[in-house]
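In this note's numbering, the protein residues as written are 8 to 287. Yeah, the Cβ is synthetic: ideal placement off N, Cα and C, and Gly gets one too. So the structure is just underneath, and the comments pick up after that.
Structure representation (structure tokens):
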């Protein structure tokens, strides 16, 4: 076969692209990939909200959006891709993150959170779902109806009560489910600490002080702050009220009558009147 014949055949194949309709998931991507007659085509698409869509190629480089894909078209697309089961951990914006089951065929580690795209309202923390893997992305298909719902319900109750992972006990929990819970616990713990730190800082500033740092201990929070250039330290409760346990100044045993916001005000006033006796 001469070169001219090969070029003509390739031209015929590329002409076919404008006759096709393409089903593709979109998640803020500006290009889609399709295979036609053994050729790979990368097509630019208009800016589109995340979802499943039907496209029509305009030429070899661009495609226009025709409509949303229907359920049958989505299922047909997904079933061409290999299946993988995922334990969902938490959702951030439109993306769910989860851990894969140990015995997957793709070498994906169950200790690493993976992004899951285009999940539906049935997806919840700790539920097991079926995804399809295209080699780069995990596309949500459905909740695994064979999964034990009691286990995911137990884990959700436990995380709401902020139970430590080492005290989680439920018959039949898999290693993946335990890992998923531990990851979620650590994420929630960090978020809780950040929110707590933000509130502490606001309380101190409201009382007229300058926040320096906070350290979470086993049964209290150690808070350091500055008032008129002088550093003070108080111990407060870990609950949102931040009741004073030890003020850091002598209050004749009335420390617990104050919260963090009010004790900063008391110290500021006492310092201005030179009546502060430090205990820490």
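> Using CA coordinates, which residue listed in 250, 52, 240 is at the minimum distance from residue 66?
Replying inline: As a first step, residue 66 must be located in the chain shown, where it is residue number 59. The shortest C-alpha separation from residue 66 is found at 52.
> How many Å lie between residue 37 and residue 95 at the Cα?
Replying inline: Here residue 37 refers to the residue found at position 30 when the chain shown is read from its first residue. Here residue 95 refers to the residue found at position 88 when the chain shown is read from its first residue. Their Cα atoms are separated by approximately 27 angstroms.
> Are the stretch 230 to 245 and the stretch 211 to 221 touching by the rule of at least three beta carbon pairs closer than 8 angstroms?
Replying inline: Yes, since at least three Cβ pairs between the stretch 230 to 245 and the stretch 211 to 221 fall closer than 8 angstroms, the two stretches touch.
> Would you call residue 280 buried or exposed, if buried means 16 or more other Cβ atoms sit within 10 Å of its Cβ?
Replying inline: Looking up residue 280 in the chain shown gives position 273. Result: exposed.
> Going straight from the alpha carbon of residue 47 to that of residue 73, what length do you get?
Replying inline: By 1-based counting over the chain shown, the position of residue 47 is 40. By 1-based counting over the chain shown, the position of residue 73 is 66. For residue 47 and residue 73, the distance between alpha carbons rounds to 21 angstroms.
> Rounded to the nearest angstrom, how far is the Cβ of residue 177 from that of residue 158, given a contact under 8 angstroms?
Replying inline: On the chain shown, position 170 is the one that residue 177 refers to. On the chain shown, position 151 is the one that residue 158 refers to. Their Cβ separation, rounded to whole angstroms, is 6 angstroms, which keeps residue 177 and residue 158 in contact under 8 angstroms.
> Counting along the chain, where does the alpha helix (DSSP H) carrying residue 277 start and finish?
Replying inline: Position 270 of the chain shown, counted from the start, is the residue given in the question as residue 277. In the DSSP assignment, residue 277 falls within the unbroken alpha helix (DSSP H) covering 267 to 279.
> Can you tell me the Cα-Cα spacing of residue 195 and residue 125, whole angstroms?
Replying inline: Taking the first residue of the chain shown as position 1, residue 195 is located at position 188. Taking the first residue of the chain shown as position 1, residue 125 is located at position 118. Spanning the two alpha carbons is a distance of roughly 23 angstroms.
>> Just to confirm my understanding: we take residue 104, look at its own chain, exclude 5 residues before and 5 after, and list those with CB closer than 8 angstroms. What are they?
In response: Counting from 1 along the chain shown, the entry for residue 104 is found at position 97. Excluding residues within five positions, the ones whose Cβ falls inside 8 angstroms are 95, 96, 97, 98, 120, 121, 122, 123.
> In angstroms, rounded to a whole number, what distance separates the CA positions of residue 14 and residue 100?
Replying inline: Along the chain shown, one-based indexing puts residue 14 at 7. Along the chain shown, one-based indexing puts residue 100 at 93. Any reading at residue 14 must be qualified, since the residue scores a pLDDT of 46, below 50, and its modelled position is unreliable; no value is offered.
>> Given this structure, state the Cα-to-Cα distance separating residue 30 from residue 140, to the nearest angstrom.
In response: Residue 30 sits at position 23 when you count from the first residue of the chain shown. Residue 140 sits at position 133 when you count from the first residue of the chain shown. If I take the Cα positions, the gap works out to 16 angstroms.
> Quick one: is residue 40 buried, meaning 16 or more other Cβ sit within 10 Å of its Cβ, or exposed?
Replying inline: For the purposes of this step, residue 40 is identified with residue 33 of the chain shown, where counting begins at 1. Classification of residue 40: exposed, given that the 10 Å Cβ count is below 16.
> Okay, do the stretch 54 to 65 and the stretch 107 to 115 touch, 3+ Cβ pairs below 8 angstroms being the bar?
Replying inline: These segments do not touch.
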